[in-house]
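J.:
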Amino acid sequence: METIDWKDFTKVELRVGRIIAAEPFAEARKPAYKLQVDFGPELGVRKSSAQITALYDPATLVGKQVVAVVNFPPKQIGPIMSECLVTGFHDAEGRVSLCVPEHDVPLGTRLL
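Every position in the sequence shown, counted from 1, becomes a number in this note's numbering once 3 is added.
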């Protein structure tokens, strides 16, 4: 594992957002959803895709707070431009479990 210093860590903008829309991403190579995540007035709504279909369905995602990296450059993923990276962890079966705050926090709050 590579060691980083505090300055390296502070470059990553990990922010809390709320999923406001989720739908199947039919054009994706692997099963995924297209997400719209609201990060509050400072950052607004950003699009992303996430390979989280094994543990979640779109109806349960809407309203959920998530932690995402918001300062990566936009990335074209099939027909959508991803504007943030929603974070998660692989479980023992390889399914992705979202990284979420335990309690509601204001949208756009930065993880430090």
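No residue lacks a Cβ here, since even glycine has one placed at the ideal position from N, Cα and C.
Please read all numbers here as calculations on a predicted model, not as lab measurements.
Closest to A53 by C-alpha separation, out of V70, E45, F42, would be which residue?
T.: The residue given as residue 53 occupies position 50 in the sequence shown. Measuring from the Cα of A53, the nearest candidate turns out to be V70.
J.: Tell me the residue span of the beta strand (DSSP E) that contains F92.
T.: Taking the first residue of the sequence shown as position 1, residue 92 is located at position 89. Start and end: 91-93.
J.: Judging by CA-CA distance, which residue of D41, R32, A29, E30 is the nearest neighbour of V65?
T.: For the purposes of this step, residue 65 is taken as the residue at position 62 of the sequence shown. That would be D41, whose Cα lies nearest to the Cα of V65.
J.: Given L114, which residues of its chain have a CB within under 8 angstroms of its CB, disregarding the five upstream and five downstream residues?
T.: Taking the first residue of the sequence shown as 1, we reach residue 114 at position 111. Only L17, R18, V19, V70 meet the Cβ criterion.
J.: Near K67, what residues of its chain come up, given a Cβ to Cβ distance below 8 angstroms and the 5 sequence neighbours on each side ignored?
T.: By 1-based counting over the sequence shown, the position of residue 67 is 64. These residues qualify, in order along the chain: R21, I22, L101, V103.
J.: Does L64 come out as helix, strand or coil in the three-state DSSP assignment?
T.: Position 61 of the sequence shown, counted from the first residue, corresponds to residue 64. It is helical.
J.: Buried or exposed for R49, going by 16 or more other Cβ atoms inside 10 Å?
T.: Reading the sequence shown from its first residue, position 46 is the one you call residue 49. Buried, by the Cβ-count rule.
J.: Counting along the chain, where does the beta strand (DSSP E) carrying D41 start and finish?
T.: Residue mapping note: residue 41 aligns to position 38 of the sequence shown, counting from 1. Here the beta strand (DSSP E) through D41 covers 36-41.
J.: Does DSSP classify K2 as helix, strand or coil?
T.: Past the edges of the chain, shown from 4 to 115, lies residue 2, and the structure says nothing about it.
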